[in-house]
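Residue numbers (the numbering used here), protein chains in the order written: chain E, 1 to 113; chain Y, 1 to 111.
Every residue, glycine too, gets a C-beta built ideally from N, C-alpha and C.
As the structure is a computational prediction, the values presented were derived from the model and not from experiment.
In what follows, a structure is listed as structure tokens, so that the remarks can point back to it.
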């Protein structure tokens with residue numbers, strides 16, 4: 001099993017550009033989420049989903065959109081990138097929404113100039 | 001609101017012990033502990049559910065004090081491989097996988 005796969009690993013954008021970070025899992029996990037990690041701030045939840053067709057906002061959702069059309073995929077869209085969105089992004093999934101272990105992807109490092 | 005971890009950083013010699021604390025201003029339902037090595041993804045260590053349980057994983061154990069809304073991670077006889085940043089994540093009933101993480105504790109183990 002591949003686990004949680006994120007692409008791309010690295011990306012450089014200019015301010016105002018849009019892009020999508022891809023996340024796919026092959027473990028049939030119901031729950032998927034996106035975190036961003038900035039120095040000294042730990043991991044902060046952007047958006048999450050408890051199943052196909054269901055998404056909700058986390059702590060820092062502004063500037064990001066998500067959708068969950070299938071159980072396997074949970075893409076994160078930046079509509080108009082800003083330098084404040086320079087960060088490392090992690091996708092994570094778990095079997096269910098109740099107290100289950102999160103499996104993280106390898107991360108995507110995004111730089112916005 | 002993010003849980004507060006202490007200390008922010010600690011340096012140990014191999015074989016020494018360490019304690020990392022995690023405090024929340026909200027009632028705790030579950031506490032997860034993860035370790036992240038530099039440039040890698042966080043990796044699950046253990047989960048504790050309310051009830052004051054103490055779980056163990058090799059020489060790493062943790063406690064959960066529901067009344068004090070605190071959890072502590074105990075690393076005994078530390079090894080070089082324990083180096084990394086440790087995060088606690090707190091969950092709430094209903095969507096306990098939706099974790100709020102602390103800012104992390106950076107642990108360095110030296111010879």
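is_contact[residue i, chain E] using C-beta, thresh 8 Å
| i | result |
| --- | --- |
| residue 103 of chain Y | yes |
| residue 7 of chain Y | no |
Within chain Y, the residues that residue i reaches when beta carbons sit closer than 9 Å
| i | result |
| --- | --- |
| residue 45 of chain E | 98, 99, 100, 101 |
Under 7 Å from the C-beta of residue i: neighbouring residues of chain Y
| i | result |
| --- | --- |
| residue 41 of chain E | 103 |
| residue 107 of chain E | 41 |
Residue-level contact to chain Y via CB, residue i, 8 Å cutoff
| i | result |
| --- | --- |
| residue 49 of chain E | no |
| residue 115 of chain E | Nothing about residue 115 of chain E can be reported from this structure: the residues present for chain E run from 1 to 113 only. |
| residue 101 of chain E | yes |
| residue 53 of chain E | no |
Neighbouring residues, chain Y, relative to residue i (Cβ below 8 Å)
| i | result |
| --- | --- |
| residue 121 of chain E | For residue 121 of chain E there is no data in the structure shown, the boundaries of chain E being 1 and 113. |
| residue 94 of chain E | 97 |
Residue i - partner residues in DSSP beta bridges
| i | result |
| --- | --- |
| residue 32 of chain E | E:49, E:93 |
| residue 19 of chain E | E:78 |
| residue 46 of chain Y | Y:33 |
| residue 6 of chain Y | Y:21 |
| residue 58 of chain Y | For residue 58 of chain Y, which the question treats as bridged, DSSP gives no partner whatsoever. |
| residue 37 of chain E | E:43, E:88 |
| residue 1 of chain Y | Looking at the DSSP assignment, residue 1 of chain Y forms no beta bridge with any residue, so it has no partner. |
| residue 25 of chain E | E:4 |
Per-residue contacts from residue i into chain B (C-beta, under 9 Å)
| i | result |
| --- | --- |
| residue 66 of chain E | Included in the structure are the protein chains E and Y, with no chain B among them. |
Within chain E, partners of residue i - CB distance below 7 Å
| i | result |
| --- | --- |
| residue 2 of chain Y | 42 |
Which of the residues in the segment 61-79 of chain Y, read from start to end, lie with their CB under 8 Å from any CB of chain E? The segment 61-79 of chain Y vs chain E, Cβ under 8 Å: nothing.
When you check each C-beta in the segment 18-47 of chain Y against every C-beta of chain E, which residues fall closer than 8 Å? 29, 30, 32, 34, 40, 41, 42, 43, 44, 47
Are three or more beta carbon pairs between the segment 19-34 of chain E and the segment 65-83 of chain E nearer than 8 Å? Yes: at least three Cβ pairs fall under 8 Å.
Validate contact between the segment 63-79 of chain Y and the segment 21-29 of chain Y using beta carbons, cut 8 Å, 3 pairs: yes
Determine contact between the segment 8-19 of chain E and the segment 75-89 of chain Y, defined as no fewer than three beta-carbon pairs at a distance below 8 Å. no
Decide yes or no for the touch test of the segment 88-103 of chain Y against the segment 83-103 of chain E: beta carbon pairs closer than 8 Å, at least 3 of them. With the rule of 3 Cβ pairs closer than 8 Å, the segment 88-103 of chain Y counts as touching the segment 83-103 of chain E.
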